[in-house]
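Notes follow the structure.
Residue numbers (the UniProt record's numbering): 1 to 160.
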């Protein structure tokens, strides 16, 4: 498995954890289960709801955009650390740090500029914690896939 594939897979796993966290916590705090996907969709499609109403188009658009971004950031992370040799814990902590930096840029600059109404709805501590979870899990999965690949257990590689 090459570095790009490892990063995409790691980013997808981290992105799923972040999405589950955000959807469940926002549901529990009364903001609504579908709100995170609606807010992501609203950034690109202004007819998406800014509340917890279920909207099939917003759910699909939000999920697709979120997972694509998660996978692209995972690829960037895997490429950035491909020569870094460290433990799974060190890559997880490094991933958390980078993801929190990404959160700060997203929360403070990008999202508020691109779609201020959506940015104002997402509870900041939930968004920050989700990013930290994403980074930690992505870093850990990149490390685990490296280890599995080094042991020859990451899949079949035909010989010629």
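Heads up, the beta-carbon is just placed ideally off N, CA and C, and yes, glycines get one too.
Sequence-distant residues of its chain with Cβ nearer than 7 angstroms to residue 91 (five each side left out): 81, 139, 140, 142, 143
Cβ separation of residue 66 and residue 40, assumed to be a contact under 8 angstroms, to the nearest whole Å: About 5 angstroms separates the two Cβ atoms, so the contact holds.
Buried/exposed call for residue 106, threshold 16 Cβ in 10 Å: buried
Start and end residues, alpha helix (DSSP H) containing residue 57: 56 to 80
Buried versus exposed call for residue 38 [16 or more other C-beta atoms within 10 Å across all chains shown]: Buried, since its Cβ has 16 or more Cβ neighbours within 10 Å.
Top-ranked residue by Cα proximity to residue 60, from 74, 73, 131, 44: 44
Contact between the stretch 115 to 128 and the stretch 71 to 79 (3+ Cβ pairs under 8 angstroms): no
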